[in-house]
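J.: Residue numbers (my numbering), protein chains in the order written: chain A, 1 to 191; chain B, 192 to 382; chain C, 383 to 573; chain D, 574 to 764. Backbone N, C-alpha and C fix where the C-beta goes; we use that ideal spot for every residue, glycine too.
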DNA sequence: AATGAATGAGATTTCATTCAT
DNA sequence: AATGAATGAAATCTCATTCAT
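Here you go:
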């Protein structure tokens with residue numbers, strides 16, 4: 001069994017349950033079923049876990065997105081699917097997103113953050129590029145920065161709902177609909 | 192002199208300088224010029240400062256926004272001014288925003304958060320309402336949820352820039368321009 | 383209203399509820415309905431309360447004893463009444479007795495202790511003196527030390543019961559009966 | 574080397590020297606020769622030491638009693654030896670007895686107290702049983718409750734002397750003599 | 001006499017980290 | 001590689017006491 005992976009898994013679980021600040025290394029090792037000292041064979045500190053956690057989270061995000069978004073669907077449909085996917089990830093992992101955010105921010109691991117998140121930005125960027133090439137969205141769009149804006153917009157919209165309560169599916173449906181309309185206009189979608 | 196206020200002021204300052212994790216209560220009281228025990232007269236812990244800090248931050252935001260946005264300007268101009276203002280606040284206080292976010296999230300003060308942010312949401316909502324009444328933006332807009340989307344979008348765009356480095360004015364200018372165009376289409380602004 | 387008395391009353395109440403160690407001066411003043419600083423106008427410290435509390439306790443004890451013991455009763459009857467009275471006091475105030483004991487012990491107020499308890503010792507001593515004069519108990523008895531032994535014996539017997547639970551009336555009845563027989567022989571009572 | 578035992582040993586020593594109130598945990602760990610944090614590995618607080626201390630104290634008492642009381646001596650002689658032993662223990666450890674008493678009383682460890690004291694009660698009870706079988710004491714005696722009365726009587730008599738001053742050997746001799754006579758009659762000893 | 005906010009020395013407590021096994 | 005008891009520096013927190021009002 002891979003101890004490093006066990007540590008990361010356990011950390012995600014414990015962080016979600018009690019927050020990053022209140023979590024002691026001893027909580028993590030207990031959850032991982034390993035000895036206190038073993039932790040230090042793999043990570044020099046609590047914060048150094050963050051990039052590894054971030055990586056796992058981005059993988060999860062990508063998995064959910066790719067499971068949700070149909071390759072052959074039209075761009076407008078794909079866009080609503082992306083929104084669905086991001087809402088889903090936010091609902092299930094918003095505590096982790098927050099802690100990655102503040103955990104990375106409070107260290108010198110910041111540069112790794114961009115690298116880690118890059119695959120998701122790129123993937124959306126590519127979708128936008130295709131849509132632009134197909135003439136489905138306005139031609140004035142710069143795909144790279146716009147991809148980031150879209151992801152930021154949707155994530156923040158989802159957080160506004162799920163920050164308080166992850167059981168808000170009614171609210172979430174309304175918010176998603178608002179986001180879709182907002183995006184349709186922002187991107188100048190022609191149907 | 193109001194000690195409670197002094198504590199909050201000092202906490203914001205010290206948190207900005209050294210981050211929330213590295214800040215000891217003793218740093219805060221030193222900066223506030225009060226005795227260690229006095230802190231506990233007003234706050235039971237470091238995290239319980241968060242709602243009070245959030246309140247001050249929203250006040251600061253409102254002040255900057257109202258100083259930046261001209262009352263008589265047209266809505267499109269006001270919108271770019273709102274974007275400028277949010278970027279400004281984010282640049283100067285992104286550490287605080289991050290910590291409010293994770294600080295609130297890791298406690299049970301979540302419900303207070305909506306209340307605290309409400310004035311800002313409302314203010315933008317009113318601007319949108321006026322613009323809608325004047326026929327400047329598309330009539331299909333629901334002003335309340337859209338106000339939240341707009342603020343979330345701009346904040347997340349600003350954070351993408353300033354999270355790494357608050358000296359990125361060139362990058363910021365480009366990002367703001369992207370946001371403005373994005374918003375112009377999203378809101379269906381007619382000039 | 384007499385503040386000093388209010389403080390002593392409040393202290394007894396709070397000490398009984400939470401023990402001497404866990405009781406802060408702030409708890410006492412809160413219960414007494416006075417300001418923190420006022421305490422120090424009457425007592426220089428928490429432990430300096432002890433002699434005053436002890437005095438009140440001995441008064442209570444004497445009151446109960448004198449209400450229970452009939453002046454005209456024969457000595458053997460009076461003795462069982464004394465046992466009843468001490469059991470009663472111990473049941474209701476054993477926490478206080480313990481804290482007076484340790485409270486006085488941990489200070490330099492020890493000398494006051496003897497003075498404070500003296501009236502009770504003396505009263506029992508007088509009863510023994512009378513009984514001796516009446517030839518009801520053995521003539522070899524030294525009344526003063528024996529009075530102390532009797533009180534010590536009965537108190538310790540009562541504590542053995544009530545230390546754990548003040549609702550032990552069945553157990554208490556048995557124990558009292560044992561004490562009475564023990565004392566009857568110890569004192570050489572002739573009936 | 575057993576750290577838990579070292580802590581209890583050190584605590585008894587330091588408590589005797591400076592009293593329970595004035596003793597800091599840091600004093601205990603210093604005396605035990607361990608690190609501050611190690612204390613918390615074994616005990617959550619100063620008061621939680623009490624049951625462990627009580628146990629050691631009862632062991633010490635038993636040891637002294639068994640060293641003092643001669644197995645082949647007649648019961649009357651054994652009884653005076655028991656009195657001697659209890660006076661000795663009280664002289665040397667009255668501070669500890671007081672603190673066990675109030676320390677146990679102020680916590681929820683009360684139930685353990687009976688268990689801890691049981692061996693001593695039983696041992697005296699057995700002596701009484703033998704004496705009763707040998708017809709040396711009155712046949713109406715119930716050995717178990719009487720054992721407790723005897724121990725309580727002697728302890729309280731000893732405390733009356735040594736509470737104030739452990740150098741009172743003259744007083745102690747007189748008091749012991751009083752106790753012996755008192756007991757001789759109470760138990761109906763036939764010589 | 002009475003108040004109670006403020007104090008700060010000093011206690012408790014935590015927990016990341018080490019290291020002998 | 002793995003362990004986990006032990007560490008102790010460094011933090012939090014308490015609360016008796018003061019003192020300006």
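Taking C-beta to C-beta, are residue 120 of chain A and residue 176 of chain A nearer than 9 Å?
T.: In the first chain, counting from the first residue as 1, residue 120 of chain A sits at position 120. In the first chain, counting from the first residue as 1, residue 176 of chain A sits at position 176. Going by C-beta atoms, residue 120 of chain A is not nearer than 9 Å to residue 176 of chain A.
J.: How many whole angstroms separate the CB atoms of residue 75 of chain A and residue 136 of chain A, which I take to be in contact at a CB cut-off of 8 Å?
T.: Taking the first chain and counting its residues from 1, the one referred to as residue 75 of chain A is at position 75. Taking the first chain and counting its residues from 1, the one referred to as residue 136 of chain A is at position 136. With 8 Å as the limit, residue 75 of chain A and residue 136 of chain A qualify as a contact, their Cβ atoms being about 5 Å apart.
J.: What separation, rounded to the nearest whole angstrom, lies between the Cα atoms of residue 16 of chain A and residue 333 of chain B?
T.: Your numbering for residue 16 of chain A matches position 16 in the first chain. Your numbering for residue 333 of chain B matches position 142 in the second chain. Each residue's alpha carbon lies about 34 Å from the other.
J.: I need the DSSP call for residue 212 of chain B, collapsed to helix, strand or coil.
T.: Taking the second chain and counting its residues from 1, one reaches residue 212 of chain B at position 21. Coil, per DSSP.
J.: Please say whether residue 431 of chain C and residue 646 of chain C have beta carbons closer to each other than 9 Å?
T.: Since the displayed chain C opens at 383 and closes at 573, residue 646 of chain C lies outside it and no answer follows.
J.: CA-CA distance, residue 595 of chain D and residue 403 of chain C?
T.: Within the fourth chain, residue 595 of chain D is the residue found at index 22, counting from 1. Within the third chain, residue 403 of chain C is the residue found at index 21, counting from 1. If you take the alpha carbons of residue 595 of chain D and residue 403 of chain C, they lie about 12 Å apart.
J.: As a quick exercise: from B:378, B:355 and B:194, pick the residue whose alpha carbon is nearest that of residue 232 of chain B.
T.: In the second chain, counting from the first residue as 1, residue 232 of chain B sits at position 41. The residue with the shortest Cα to Cα distance from residue 232 of chain B is B:194.
J.: Determine the direct distance from the alpha carbon of residue 438 of chain C to that of residue 568 of chain C, and round the result to whole angstroms.
T.: Counting from 1 along the third chain, the entry for residue 568 of chain C is found at position 186. Counting from 1 along the third chain, the entry for residue 438 of chain C is found at position 56. C-alpha separation (whole angstroms): 31 Å.
J.: Once you ignore the five residues that flank residue 260 of chain B on each side, which residues in its own chain have a CB closer than 7 Å to its CB?
T.: Translated into positions along the second chain, residue 260 of chain B becomes position 69. Closer than 7 Å at the Cβ level, and outside the excluded window around residue 260 of chain B, lie 269, 272, 273 and 276.
J.: Using a cut-off of 8 Å between C-beta atoms, extract the partners of residue 373 of chain B located in chain A.
T.: Numbered from its first residue, the second chain carries residue 373 of chain B at position 182. Correct list: 146, 149 and 186.
J.: Decide if the segment 472-480 of chain C is in contact with the segment 530-545 of chain C; the criterion is three or more beta carbon pairs, one per stretch, under 8 Å apart.
T.: In short, these stretches touch, since the Cβ pair count reaches three.
J.: Taking residue 253 of chain B as the reference, which of B:370, B:216, B:202 and B:308 has the closest Cα?
T.: The count along the second chain starts at 1 and reaches residue 253 of chain B at position 62. Here the closest residue by C-alpha is B:308.
J.: Considering only the beta carbon of each residue, do residue 315 of chain B and residue 348 of chain B sit closer than 9 Å?
T.: Translated into positions along the second chain, residue 315 of chain B becomes position 124. Translated into positions along the second chain, residue 348 of chain B becomes position 157. Contact flag unset, no.
J.: Spatial neighbours of residue 64 of chain A within its chain, please: C-beta separation below 8 Å, excluding the five flanking residues on both sides.
T.: For this step, residue 64 of chain A is matched to residue 64 along the first chain. Excluding positions up to five away in sequence, the list reads 85, 88 and 89.
J.: In angstroms, rounded to a whole number, what distance separates the CA positions of residue 625 of chain D and residue 54 of chain A?
T.: As a first step, residue 625 of chain D is located in the fourth chain; it is residue number 52 there, counting from the start. As a first step, residue 54 of chain A is located in the first chain; it is residue number 54 there, counting from the start. If I take the Cα positions, the gap works out to 48 Å.
J.: If you draw a straight line from the alpha carbon of residue 607 of chain D to that of residue 234 of chain B, how long is it in whole angstroms?
T.: Within the fourth chain, the letter at position 34 stands for residue 607 of chain D. Within the second chain, the letter at position 43 stands for residue 234 of chain B. If you take the alpha carbons of residue 607 of chain D and residue 234 of chain B, they lie about 35 Å apart.
J.: In three-state DSSP terms, what is residue 283 of chain B?
T.: Looking up residue 283 of chain B in the second chain gives position 92. DSSP places residue 283 of chain B in helix when its eight states are reduced to three.
J.: Are any of the Cβ atoms in chain D nearer than 9 Å to that of residue 360 of chain C?
T.: An answer regarding residue 360 of chain C cannot be provided, because it is not within the stretch 383 to 573 covered by chain C.
J.: Answer with buried or exposed for residue 114 of chain A, where buried requires no fewer than 16 other C-beta atoms within 10 angstroms of its C-beta.
T.: The residue you call residue 114 of chain A lines up with position 114 of the first chain. Its Cβ having fewer than 16 others within 10 Å, residue 114 of chain A is exposed.
J.: Going along chain D in order, which residues have a C-beta closer than 8 Å to the C-beta of residue 535 of chain C?
T.: Residue numbering aside, residue 535 of chain C sits at position 153 when the third chain is read from its first letter. The answer, in chain order, is 722, 725, 726 and 729.
J.: For chain A, is any of its Cβ atoms less than 9 Å away from the one on residue 327 of chain B?
T.: For the purposes of this step, residue 327 of chain B is taken as the residue at position 136 of the second chain. No, residue 327 of chain B does not count as interfacial toward chain A.
J.: Helix or strand or just coil, what does DSSP make of residue 59 of chain A?
T.: Within the first chain, numbered from 1, the residue matching residue 59 of chain A stands at position 59. Correct three-state label for residue 59 of chain A: helix.
J.: Are residue 598 of chain D and residue 591 of chain D close, meaning C-beta to C-beta below 9 Å?
T.: In the fourth chain, residue 598 of chain D corresponds to position 25, counting from 1. In the fourth chain, residue 591 of chain D corresponds to position 18, counting from 1. Contact flag unset, no.
J.: Would residue 208 of chain B count as contacting chain A if we go by Cβ distances under 9 Å?
T.: Residue mapping note: residue 208 of chain B aligns to position 17 of the second chain, counting from 1. No, its Cβ sits nowhere closer than 9 Å to a Cβ of chain A.
J.: Give me the Cα-Cα distance between residue 13 of chain A and residue 612 of chain D, rounded to the nearest whole angstrom.
T.: Numbered from its first residue, the first chain carries residue 13 of chain A at position 13. Numbered from its first residue, the fourth chain carries residue 612 of chain D at position 39. One C-alpha to the other measures close to 31 Å.
J.: So, with DSSP's three-state summary, where would you put residue 70 of chain A?
T.: Walking along the first chain from the start, residue 70 of chain A turns up at place 70. DSSP places residue 70 of chain A in coil when its eight states are reduced to three.
J.: Mapping DSSP to helix, strand and coil, what is residue 419 of chain C?
T.: Walking along the third chain from the start, residue 419 of chain C turns up at place 37. Residue 419 of chain C falls in the helix class under three-state DSSP.
J.: Find out if the Cβ-Cβ distance for the pair residue 343 of chain B, residue 159 of chain A is shorter than 9 Å.
T.: Residue numbering aside, residue 343 of chain B sits at position 152 when the second chain is read from its first letter. Residue numbering aside, residue 159 of chain A sits at position 159 when the first chain is read from its first letter. Closer than 9 Å, so yes.
J.: Please report the straight-line C-alpha distance between residue 331 of chain B and residue 324 of chain B, rounded to a whole angstrom.
T.: Indexing the second chain from 1 puts residue 331 of chain B at position 140. Indexing the second chain from 1 puts residue 324 of chain B at position 133. Each residue's alpha carbon lies about 12 Å from the other.
J.: By the 10 Å Cβ neighbour count, where 16 or more other Cβ atoms means buried, how is residue 341 of chain B classified, buried or exposed?
T.: As a working mapping, residue 341 of chain B is identified with position 150 in the second chain. It is buried - the Cβ of residue 341 of chain B has at least 16 other Cβ atoms within 10 Å.
J.: Tell me whether residue 751 of chain D sits in a helix, a strand or coil according to DSSP, three-state version.
T.: For the purposes of this step, residue 751 of chain D is taken as the residue at position 178 of the fourth chain. DSSP places residue 751 of chain D in helix when its eight states are reduced to three.
J.: To the nearest whole angstrom, what separates the beta carbons of residue 483 of chain C and residue 671 of chain D, a pair I think is in contact under 8 Å?
T.: As a first step, residue 483 of chain C is located in the third chain; it is residue number 101 there, counting from the start. As a first step, residue 671 of chain D is located in the fourth chain; it is residue number 98 there, counting from the start. Indeed, because the Cβ distance is near 6 Å, the residues count as touching under 8 Å.
J.: May I ask which residues mark the beginning and end of the alpha helix (DSSP H) holding residue 340 of chain B?
T.: Taking the second chain and counting its residues from 1, the one referred to as residue 340 of chain B is at position 149. Taken as a continuous stretch (DSSP letters only), the alpha helix (DSSP H) holding residue 340 of chain B covers 334-353.
J.: By alpha-carbon positions, which one of D:711, D:640 and D:717 ends up nearest to residue 695 of chain D?
T.: The residue labelled residue 695 of chain D in the question sits at position 122 within the fourth chain. Closest by alpha carbon: D:717.
J.: According to DSSP, is residue 384 of chain C part of a helix, a strand, or is it coil?
T.: As a working mapping, residue 384 of chain C is identified with position 2 in the third chain. Coil, per DSSP.
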